[in-house]
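Reviewing the structure listed below.
Chains as they are written, first to last, in this note's numbering: chain A, 8 to 398; chain B, 670 to 808.
Right, here's the structure in full:
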């Protein structure tokens with residue numbers, strides 16, 4: 008198939024995925040992965056260099072957005088609880104999935120570590136949607152759950168960088184220059200946003216991309232990965248982003264229009280249905296390990312800090328999607344895992360987005376409270392359903 | 670007979686007709702009205718931004734429709750409150766009706782395609798099946 012035809016089919020998939028997503032109210036990312044799986048397995052599509060590049064940029068932009076979406080205030084307020092729940096939510100599944108991959112299905116050490124990282128993640132976006140629907144996002148419980156997700160996300164980014172970086176003077180340079188850029192960002196960005204926002208040439212968006220390209224360059228140069236600096240960069244800019252919703256929206260538009268479709272569709276291309284069929288037992292094993300390990304890691308602390316909704320919290324913390332896909336994609340592109348292993352991991356990640364959410368909503372969802380009733384622990388100084396979102 | 674009537678709102682003509690019927694009934698029975706729009710958030714989002722944007726877009730899309738509906742209610746002196754909540758439309762209507770003790774839920778029938786009905790189900794059918802009170806489906 009010629010590159011131009013492959014590009015055309017890719018564009019058709021991107022548009023079709025967005026239409027289906029709107030009609031079915033299902034996340035665009037899931038539809039894009041499925042579109043990629045169909046394209047790769049049935050239409051003979053394969054990845055091309057420009058798609059590789061866009062996908063790689065897409066993963067860094069997603070990581071940046073994840074950092075920029077962190078509510079630093081609620082994290083500070085609930086630091087102890089979120090560190091415990093988020094930390095154990097990361098560590099126990101990491102050890103469980105790593106051990107299962109290494110000792111049971113006999114993957115290499117490095118491939119097992121990728122499995123550990125990919126399956127220890129929690130999807131903040133999946134969790135957030137459920138919390139908003141139940142009105143819990145503005146309550147103390149919701150804030151603990153979200154802050155815990157931030158901790159898990161951060162741990163995932165940290166693990167990817169620490170475990171797979173090659174230690175050399177280049178790594179030191181990577182750390183120093185990234186730290187410098189992250190230190191300077193909150194000082195430069197407010198001025199830049201104030202001076203140049205609301206212009207069609209978008210210098211502020213270009214500055215964000217420049218920074219991300221800088222981290223990507225440093226990552227490639229040092230044999231490391233830009234995930235951690237991109238996440239921290241987003242984190243330090245999150246208060247500034249919150250003050251500039253227009254810039255935030257523009258960046259999201261750029262990301263969702265071309266970059267994240269490239270990332271998720273390319274991930275779908277790399278999933279082999281044949282490999283999934285041949286690895287059904289390990290796939291189920293990984294899924295069970297992830298869910299059980301999340302239960303072991305999260306439930307005891309959820310019982311302590313959110314006793315009335317401990318099972319619900321545990322199930323939500325068991326979900327995974329974006330960071331799991333990013334970790335698996337990193338493993339594949341770095342040659343740490345093969346296509347079969349990637350297919351298994353991404354499928355488990357997708358199933359972990361859907362199954363725990365379904366069970367949580369179907370059987371453990373706290374009662375939705377509309378106007379006229381505050382949930383115990385509701386935060387009263389923020390808008391939200393807890394105090395009547397109705398507008 | 671009816672003291673509090675809940676009407677499911679969206680941007681469709683069917684919802685507009687449902688509102689008119691509900692308003693007529695509210696006027697006749699001296700009932701108060703609640704016009705509710707549920708913003709269906711994307712399941713399994715990739716980023717919080719995706720969920721937030723859909724939520725904001727939903728609010729923006731429905732705002733003029735609700736404003737128009739409220740103006741109609743004001744003209745007829747029918748007390749009416751407009752509400753926007755995130756969630757699945759049918760589920761939100763059912764839960765709201767139960768919690769706010771509505772006596773009647775009025776919904777429009779949009780006549781979605783069989784494929785969409787198969788995948789998503791029909792809001793009016795679900796509300797008819799599970800609402801805790803009377804349901805009126807307006808065609």
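Glycine included, each C-beta is placed from N, C-alpha and C at the ideal position.
Cβ-Cβ distances below 8 Å link residue 375 of chain A to 140, 141, 142 and 392 in the same chain, with the five nearest sequence neighbours on each side left out; the list follows chain order. The beta carbon of residue 709 of chain B sits closer than 7 Å to some beta carbon of chain A.
Around residue 755 of chain B, the same chain offers 708, 710 and 724 as residues with beta carbons nearer than 6 Å, after the five sequence neighbours per side are excluded. Residue contact check for residue 34 of chain A against chain B: a CB pair falls below 7 Å.
Scanning the stretch 260-287 of chain A for uninterrupted alpha helix (DSSP H) segments of 4 residues or longer gives 267-276 and 280-285, listed from N- to C-terminal end.
Only residues of its own chain outside the window of five on either side were considered, and among them 77 and 82 have a CB closer than 6 Å to the CB of residue 157 of chain A, listed in chain order. Residue range 176-203 is occupied by the alpha helix (DSSP H) that includes residue 180 of chain A. With contact defined as three or more Cβ pairs closer than 8 Å, the stretch 161-176 of chain A and the stretch 326-346 of chain A are in contact.
Within 8 Å of the CB of residue 329 of chain A, the CB atoms of chain B belong to 715 and 716, in sequence order along the chain. Scanning its chain for C-beta atoms nearer than 7 Å, with the 5 sequence neighbours on each side dropped, one finds around residue 266 of chain A the residues 61, 64, 65 and 68, in chain order. In terms of beta-carbon proximity, residue 756 of chain B lines the interface with chain A, with at least one pair separated by less than 7 Å. Ranked by Cα distance from residue 256 of chain A, the options B:722, B:712 and B:674 are led by B:722. When C-alpha distances from residue 155 of chain A are compared across A:313, A:290, A:232 and A:359, the shortest belongs to A:313. Assigned with DSSP and collapsed to three states, residue 673 of chain B falls in strand. At a C-beta separation below 8 Å, residue 76 of chain A has these neighbours in chain B: 716, 717 and 718.
Using a Cβ-Cβ cut-off of 9 Å, residue 259 of chain A is close to 716, 718, 719, 721 and 722 of chain B, given in chain order. Of all residues in the stretch 737-766 of chain B, those with a C-beta nearer than 9 Å to a C-beta of chain A are 750, 751, 752, 753, 754, 755, 756, 757, 760, 761, 764 and 765, reading in chain order. As DSSP reads the structure, residue 712 of chain B sits in a beta bridge with A:33. Residue environment for residue 679 of chain B: buried (at least 16 other C-beta atoms within 10 angstroms of its C-beta). Residue A:320 holds the alpha-carbon nearest to the alpha-carbon of residue 306 of chain A among A:320, A:295 and A:277.
For residue 313 of chain A, there is no enclosing alpha helix (DSSP H), as DSSP marks it with neither H nor E. If you check each beta-carbon in the stretch 114-127 of chain A against every beta-carbon of chain B, none falls closer than 9 Å.
Taking the Cβ atoms as the reference, residue 280 of chain A lies roughly 12 Å from residue 351 of chain A, outside the contact range of under 8 Å.
Here the alpha carbon of residue 253 of chain A sits roughly 42 Å from the alpha carbon of residue 772 of chain B. Relative to residue 717 of chain B, the option among A:115, A:236, A:286 and A:160 whose CA is nearest is A:160. For residue 775 of chain B, DSSP records a beta bridge to B:676 and B:805. The straight-line gap separating the alpha-carbon atoms of residue 93 of chain A and residue 16 of chain A is approximately 40 Å. The C-beta distance from residue 758 of chain B to residue 677 of chain B rounds to 6 Å, short enough to meet the 8 Å contact threshold. The stretch 185-200 of chain A and the stretch 230-241 of chain A touch, with three or more beta-carbon pairs separated by less than 8 Å.
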